[in-house]
Structure formats: structure tokens, C-alpha cells
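Number of protein chains: 2
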Amino acid sequence: MILTVTLNTALDLTYRVRSLRPHASHRVSEVIERPGGKGVNVARVLAALGHEVTVTGFVGGGTGRAVRDRLSGTAGLTDALLPVTGATRRTIAVVDELSGDTTQLNEPGPQISRPEWATFLAHYEALLPSMSAVALCGSLPPGVPVGAYANLVRVARTRGVPVLLDTSGEPLRRGVAARPDLIKPNAGELAELTGSHEPLRATQDARRRGAHTVVASLGADGLLAVTPEGRWRATPPARIPGNPTGAGDSAVAGLLSGLMEKLPWPERLARAVALSAATVAAPAAGEFDRRTFEELLGRVSPRLIA
Amino acid sequence: MILTVTLNTALDLTYRVRSLRPHASHRVSEVIERPGGKGVNVARVLAALGHEVTVTGFVGGGTGRAVRDRLSGTAGLTDALLPVTGATRRTIAVVDELSGDTTQLNEPGPQISRPEWATFLAHYEALLPSMSAVALCGSLPPGVPVGAYANLVRVARTRGVPVLLDTSGEPLRRGVAARPDLIKPNAGELAELTGSHEPLRATQDARRRGAHTVVASLGADGLLAVTPEGRWRATPPARIPGNPTGAGDSAVAGLLSGLMEKLPWPERLARAVALSAATVAAPAAGEFDRRTFEELLGRVSPRLIA
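Below, the structure written as C-alpha cells:
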């Protein structure tokens, strides 16, 4: 069983409009509602790959009820979300029909009280013994201490559970110092963490800061992995047009599933790159296209870097 | 008791962002949730003025639950909304902190089935006998026949209940032909109905099409009323800066409350103009500022037009 933690779950709405114009009024022609937050996205991809996965984090209000309702139909996925007083945030992706471009509006998330955070810590510790890996994903809602992920990384390491961290800014900086097994920053997060815009140098620097393994996601350039066993670059065989929303979460799911199946690093990376590209290619944001995934999987050949 | 009908109720969200830029990502710094839809707004203002009011229309899903929860605390307001399978729509007003300008995103609303519409008609007929006036307000959700308001106007007239219609486009055109007691179009709706952009000519033409009385709302120029007792113009004493959202709904509430209290037309119009201006002046969209209302009330003097 894999545990994914999403402290700031979301109800993700996708709105289709003709063309977004500031200060005008728009009729939304289509509304799609999905449960969201990075860890929830990772869990859905893991479940689609046939893994058993438990989802935890905070959930509240009518939006939280909508998230839980929609998760309850997913085979292989167990809901261990913790109810809180505040309401789960919404995120809104406004897609222009004319250009296909997306404008994003993200609510901040509910205020988490000190007792709610303490309850979560106990809940997390109780879940860990039955887990073979844990992924800590996404932003922190208001009220959660900035060192939250560092704390959750330490608890997982004490229990001997491999822990992946995928966040940004100060929570990432502190989390890395707690020595997670794996981090998966994108180019911007990596540059913010290390101060370097040169991916290989920055990735190596992130390891020195405490991460056992660093897999950097570089958009269309694929993944750069610096591991104790070696360094690899894995790139998609072609430029895939589409919507990159959720591509990083699919890469995290690919890496975790490879860890569970004890695949060698090149196979893990090939899977993560193919899943990521198949997510860009899917018509709905955050889904992956299974045919594209299977078709690409054999065509990604990670290169060892000297 | 006054009845307001809102076939397309809404959960109105107001988002504050620094400045909306198409195709960028935005953190929403503040989220305000309110029950909405024109008839709901009218009812809230009527209740605040001390009138007993019943709200009906369709409501569904988690968003519908949020609307009902928020209405339940309003003194003087009775919830007679009819549950449907589809979910109540959201409307999103994105307010730029820098300019104060607003970008509007409106979901279309739930699909109403034929049996749901038939159930509503029976529900409406059952409510009417205890009502002294009815207001039919706003857009039609998908699935409701375009002649819906014409039908509701005729039923009210058969029962001898005064009926006000505030909508646009084809539902207004058909509704007017069913001879409502009062319509309150804005300049755009009036021009669309009559083909004339000259307010006095268009207002008189709207009466010839069937409306007993026409009160046109002309934004900062106030109201133009063509009634069987005479024609008046009522303008605010000064240009009021602020957010015009809900100003038309407050005018409708002013006219209805004046009808209930059997006020002479000049007093009804003065009240409607002062409420409308006090809504523009209020910090939250759709609320009215009571001090501004009371201060302006004595300063609006409708002029009789020869």
C-alpha cells in the first residue's frame, strides 16, 4: 500500500470559454469537476496503474464533500482524508476555446487550526506502519507550519518507510534538510532551492542539501535523475502537444510505482517520462492517455551521464 | 408575502486577485461566497427592508446545498426552492485589486428535465394563493422552455397576483406579450426588445408590446418610468462610485416594496433609485449600504415628464 499526503486538497474546476478578456463577462460553455491537489492526482494515476493507494490530508465543507464523493468511485483507492472545519479550496482552469491557452485561479485553502494539525500528525503516524512508501505533495494550507513536510519526512524515516517529497519554496527547503529518499522538483523549484539555473549542477546541489535522490522534471526536456547508482537523462521520443497540467504528478506516480516494483532506475525513469507525456496528450487535464503511455514506454531510452 | 422566482439560482463567488492576466496563474487572496441569482438578491433586499418574502426556483448539488445553508439565516425569508438532480451553477466575479475592475465567469446552470419543470409549475400554482405579489427574475437554466416566463405571468394574472418580470432576450419578449404588470429592463435589454436605443421611445414601445408599466434602469442616469398614471424620470443626486453588481435587483426590490406599501409612483421610484445607488456604494457586491440608502432617499426627486 502506498500513502499519498495532500494537505491542501482541491476541487479542480475546468471552465471552457471562447476567449478570456479581463473586465468582460463570459458564458462558461462547459464545466468539468475533479478531485485535485497533487497527492490526489498521484494517487489516481497509481490506482489506474493497478497499485493499492491510500489518500490522506485535509478535507472540509461542501467542496470537500464533492472531492470525497468523486474519489469514492475509484477502484484501488482508499480515502483516509481528515475532516476539518474550513472548506477545501477550489482551483479554476479557464481554457480558451480559440487558443487552447489556460488561465489559472487558485483559492488559498482552509485555515488549519493547531489542534487539527496535531490530529493530522497522530493520524499520519497511525497510517504509516501499513505503508510501503509515502509521497508528500503540494502546497501547505494556511495555518500549517512551514516545517510540516520536514516533520513528516522525519517521521517516515524513523519508521523506515521510503518518502518522496514534491513541493516548493520554503517547505521544500526545510523538507530536503530532513533527508527524504526522493524529491522531484521542476526547473523553477530547483532553481529556487539551489540558486542555480543549470539543471545538472542544481540537481547535484539538491542532493548535497539532503535528498537521497533527485529527479528533476524539465518539461519537454524530460527527466534528469541524480541517484546513488548513477545519473540519467530520460527524454520523450517526440514533442507532445497538449496540456501539461498534472504531468509532474504522473511522473511522481511513475517513480513510486517503479520503486514498489523494484525496477532498475532506467525503467523507472522511462515509465515516469511516458506517463508524463501521456498526461500532456490526454484531452482532460490531469488524466493520462493509456494508449499513448503504452506506445511511448518502449521508445524512451534513458541515457547514463558520465 | 412576496414571492420571488429564481429558476437559475447561483452560488456567487467573488475572488480578489492582484490583476487578472490571461494565460497566467493567479493566487486568489480572498474568497466571498453568497447565494445568488436575481430573484434571490431581490428577496434579500426585501427582507432587509422588513418584508416577508418567499424564495422559489430550482436548487441542486453541493452548490445548491451551500445556497440553502446561507439563505437559512436570513430573517423574514422563507426557502421554498425545489430540489433538482442537476447542480446549481456558480458565478465567479474576479476583482482586480489594482484597478477595482471585475471579470465575470458564469456557469450555464443545471439541465432541467421535463418532469422537473412540470413539478415546478404545480409548486408555483400552490404557492401563489398566499402571495400579494410575484417577481420573476433572471435567466432560464437549460431545459426550461423559452416561453416559461410567459406561462408564469399568465398563471399569476389568472390568480389576480401582481407580477413583475425582470429578464432578457426571447424569454422577455414572450413574457411581455403575456401582459405582466411591470417589467424593469436595463438599456441593453430594452434596445434588444424594441430595436430602439432611444430610452423614452423604447420604454413606450415596450408598454405597447404588453407590459402594463415599464421602469427602465439606465445605470448612472437612474430610472425612467412609463405608467398608466404618468411618466417620470428619477436620477441619483450624485454619481456614486462603486460596483454596479446587484443594483438592478435592488431597484426591483424597491419597486416591489413600494407596491406592497401602496406608495405613489414618485415615492416608489425614489426608493428604487436610492436603494440602487446604495448597492453600488456598498463594499460587497449585491449588498446595500443602509446609511447611504437613508441619506439619498430624501434627495431623489422624480420629475414628471410631459
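Residue numbers (full-length UniProt numbering), protein chains in the order written: chain A, 1 to 306; chain B, 1 to 306. Where a beta carbon is used, it is the ideal one built from N, C-alpha and C, also for glycine. Note that the structure is predicted; figures quoted are calculated from it, not measured.
Counting pairs of beta carbons, one from the stretch 118 to 134 of chain A and one from the stretch 15 to 30 of chain A, are three or more of them closer than 8 angstroms?
No: fewer than three Cβ pairs fall under 8 angstroms.
In terms of alpha-carbon separation, which member of LEU256(A), LEU296(A), ALA272(A) lies closest to SER132(A)?
Nearest of LEU256(A), LEU296(A), ALA272(A) to SER132(A), Cα basis: LEU256(A).
Output yes or no for whether 7 angstroms exceeds the beta carbon distance between LEU71(A) and PRO35(A).
Yes, the pair counts as a contact, with Cβ atoms nearer than the cut-off.
Using a cut-off of 9 angstroms between C-beta atoms, extract the partners of ASN106(B) located in chain A.
Chain order gives the chain A residues near ASN106(B) as SER25, HIS26, ARG27, VAL28, where near means a beta carbon separation below 9 angstroms.
For ASP289(A) and ALA278(A), which I take to be in contact (beta-carbon distance under 8 angstroms), what is that distance rounded to the nearest angstrom?
Right, their Cβ atoms sit about 5 angstroms apart.
If I measure Cβ to Cβ from ARG136(B) and keep anything under 6 angstroms in the same chain, skipping five residues before and after, which residues do I get?
The residue asked about is misnamed: residue 136(B) is Leu in this sequence, not Arg. Here the set comprises VAL5, TYR149, LEU152, LEU165.
Chain A contact for PRO180(B) (CB, 7 angstroms cutoff):
With 7 angstroms as the cut-off, PRO180(B) does not count as an interface residue toward chain A.
For THR6(A), which three-state DSSP category applies?
Note: THR6(A) maps to strand in three-state DSSP.
Short CB-CB distance (under 7 angstroms) between ARG65(B) and chain A
Closer than 7 angstroms: yes.
How many whole angstroms separate the CB atoms of LEU13(B) and GLU33(B), which I take to be in contact at a CB cut-off of 8 angstroms?
About 6 angstroms; that satisfies the 8 angstroms criterion.
Using a beta-carbon distance below 7 angstroms, is PRO22(A) in contact with chain B?
Yes, because at least one Cβ of chain B sits closer than 7 angstroms to the Cβ of PRO22(A).
Since LYS38(B) contacts GLY138(B) with CB under 8 angstroms, what's their CB separation in whole angstroms?
So it is a contact: roughly 4 angstroms between Cβ atoms.
Return yes when the Cβ of VAL214(A) is within less than 7 angstroms of the Cβ of LEU223(A), no when it is not.
Taking 7 angstroms as the Cβ cut-off, LEU223(A) and VAL214(A) do not qualify as a contacting pair.
Hey, which unbroken runs of the alpha helix (DSSP H) at 4 residues or more fall wholly within the stretch 177 to 244 of chain A?
If we require 4 residues or more, the alpha helix (DSSP H) runs fully inside the stretch 177 to 244 of chain A come out as 187 to 194, 199 to 208.
Assuming LEU84(B) contacts GLU116(B) under a Cβ cut-off of 8 angstroms, what Cβ separation, rounded to an integer in Å, is found between them?
Per the sequence shown, the amino acid found at residue 84(B) is Val instead of Leu. The pair is a contact, with the Cβ atoms about 5 angstroms apart (cut-off 8 angstroms).
At a Cβ cut of 7 angstroms, what residues of the stretch 214 to 227 of chain B count as close to chain A, listed as they run along the chain?
With the criterion set as a beta carbon lying under 7 angstroms from some beta carbon of chain A, the stretch 214 to 227 of chain B has no members that meet it.
Taking the beta strand (DSSP E) that VAL95(A) falls in, what are its first and last residues?
Its beta strand (DSSP E) spans residues 89 to 96.
Which word fits ILE112(B), buried or exposed, when buried means at least 16 other C-beta atoms lie within 10 angstroms of its C-beta?
Burial call: buried.
Mind checking whether GLY109(B) and ASN8(B) have CB atoms under 7 angstroms apart?
Cβ atoms of GLY109(B) and ASN8(B): closer than 7 angstroms.
Closest by CA to PRO283(A), which one among VAL252(A), ALA251(A), GLY242(A)?
A check of alpha carbon separations from PRO283(A) across VAL252(A), ALA251(A), GLY242(A) identifies GLY242(A) as the nearest.
What residue does the beta strand (DSSP E) around ASP79(B) start on, and which one ends it?
First-last of the beta strand (DSSP E) with ASP79(B): 77 to 79.
Quick one: which chain A residues come within Cβ less than 8 angstroms of VAL94(B)?
The contacting residues are LEU105.
What are the boundary residues of the beta strand (DSSP E) that residue 307(A) is part of?
Because chain A here runs from 1 to 306, residue 307(A) falls outside it and cannot be looked at.
Can you tell which of ALA247(B), ALA281(B), ALA211(B), ASP181(B) has its C-alpha closest to the C-alpha of THR292(B)?
Minimum Cα-Cα distance from THR292(B) among the listed residues ALA247(B), ALA281(B), ALA211(B), ASP181(B) corresponds to ALA281(B).
With a Cβ-Cβ cutoff of 7 angstroms, do TYR15(B) and VAL94(B) count as a contact?
In this structure, VAL94(B) lies closer than 7 angstroms to TYR15(B) by Cβ.
Cα-Cα separation, LEU218(B) to ASP205(B):
Note on geometry: alpha-carbon atoms of LEU218(B) and ASP205(B) lie some 16 angstroms from one another.
Relative to chain B, which residues along the stretch 28 to 55 of chain A have a C-beta separation below 8 angstroms, given in chain order?
Answer set for the stretch 28 to 55 of chain A: VAL28, SER29, VAL31.
Within 7 angstroms (strictly less), CB to CB, does GLY62(B) reach chain A?
At a cut-off of 7 angstroms, the C-beta of GLY62(B) has a neighbouring C-beta in chain A.
Ends of the alpha helix (DSSP H) at GLY36(A)?
Counting along the chain, GLY36(A) falls outside any alpha helix (DSSP H), though it belongs to the beta strand (DSSP E) covering 30 to 36.
Which of the residues in the stretch 154 to 182 of chain A, read from start to end, lie with their CB under 7 angstroms from any CB of chain B?
Within the stretch 154 to 182 of chain A, no residue places its CB atom closer than 7 angstroms to a CB of chain B.
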